[in-house]
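Take a look at the structure below.
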Amino acid sequence: MLIEPVARGATFVGRVQVLAANAALTHTMALLSALGFLLLLFGFLALRRVVSGESAESAESAVPGFGLLLLAFAVILFAASGGMNHIIAHIINHGGEDRSLRTLLTTAVNVQAVKAGIVIIGGYGYLLGFACIALALSRVFPSGFHKMLALLVLLICLVALVLLLIGDHFHNLTTFYAVAERAVIPLNLWAIVLGVAMYQGHPSLTPAQSD
Numbered sequence: 205m206l207i208e209p210v211a212r213g214a215t216f217v218g219r220v221q222v223l224a225a226n227a228a229l230t231h232t233m234a235l236l237s238a239l240g241f242l243l244l245l246f247g248f249l250a251l252r253r254v255v256s257g258e259s260a261e262s263a264e265s266a267v268p269g270f271g272l273l274l275l276a277f278a279v280i281l282f283a284a285s286g287g288m289n290h291i292i293a294h295i296i297n298h299g300g301e302d303r304s305l306r307t308l309l310t311t312a313v314n315v316q317a318v319k320a321g322i323v324i325i326g327g328y329g330y331l332l333g334f335a336c337i338a339l340a341l342s343r344v345f346p347s348g349f350h351k352m353l354a355l356l357v358l359l360i361c362l363v364a365l366v367l368l369l370i371g372d373h374f375h376n377l378t379t380f381y382a383v384a385e386r387a388v389i390p391l392n393l394w395a396i397v398l399g400v401a402m403y404q405g406h407p408s409l410t411p412a413q414s415d
């Protein structure tokens, strides 16, 4: 879909055809997206001690732990959805000469429908996970750029969750759904900012500060 634009209201058939028509890109993106999500999860696991502290029994320390659990859940679902894209393209292009195109298309559409449900559930987990991490880090950072950024990410997550909920239940409000999808962009950019801050040894992102 990076090569051929697909409208939000497009049918599953249209999406399947685009994936199959760009099989090489579909396979590549399935691998790269899964790798990217796993690296993202690894980065947040490195923050576990910082955002949780030593008092693991406290309710406050449970928030970042729950966020990491939600992110792990979302990453697994998103990686699975990427694998389904791979399968969809393979079904259409290499489903077998003894099967009609209509049969192959029906099978691929069924996989696409399951994938859509997985992506929606993963989206809820992804946004909630980032919200928990942002809330925890907003308490770790002193006043300044990183604290404001964490609070901004928290706000983005909450707004995107509301929009995703509305767009999911009222399918004609496609703009709401599209805005919720694009919330992933600033969240991932924030993850990069955190990674750079950790690499540079930001005092609030070192285990010594959490002792």
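Numbering (the numbering used here), first residue to last: 205 to 415. Built from N, CA and C at the ideal position, the CB exists for glycine as well.
Residue i burial status per 10 Å Cβ neighbour count (16 or more: buried)
| i | result |
| --- | --- |
| G327 | buried |
| T215 | exposed |
| I296 | buried |
| G418 | The displayed coordinates of the chain run from 205 to 415. Any statement about residue 418 would go beyond what the structure contains. |
| H373 | exposed |
| S304 | exposed |
| P346 | exposed |
| T230 | buried |
| A344 | According to the sequence as given, residue 344 is Val; it is not Ala. Counting Cβ neighbours within 10 Å, V344 comes out buried, since at least 16 surround it. |
| L235 | exposed |
| A382 | exposed |
| I337 | buried |
Reduced DSSP category for residue i - H, G, I as helix; E, B as strand; rest coil
| i | result |
| --- | --- |
| N226 | coil |
| L251 | coil |
| Q404 | coil |
| G299 | coil |
| T215 | coil |
| S304 | coil |
| T310 | helix |
| T410 | coil |
| L206 | Since pLDDT at L206 reaches only 45, below the 50 mark, its modelled position is unreliable, and the value read off the structure follows with that caveat. Of the three classes helix, strand and coil, the one that applies to L206 here is coil, per DSSP. |
Beta-carbon contacts of residue i that lie in its chain and below 6 Å, excluding the five residues immediately before and after
| i | result |
| --- | --- |
| V299 | Sequence check: residue 299 is Gly here, not Val. The residues are L308. |
8 Å contact criterion, which residue i and residue j should meet: CB distance rounded
| i | j | result |
| --- | --- | --- |
| P390 | I360 | 6 Å |
| L362 | A354 | Not confirmed; about 13 Å, so no contact. |
| L275 | G321 | Contact flag wrong, Cβ pair sits at about 19 Å. |
Would you list, in sequence order, the uninterrupted beta strand (DSSP E) runs of no fewer than 3 residues that lie entirely inside the stretch 328–390?
Qualifying beta strand (DSSP E) stretches: none in this window.
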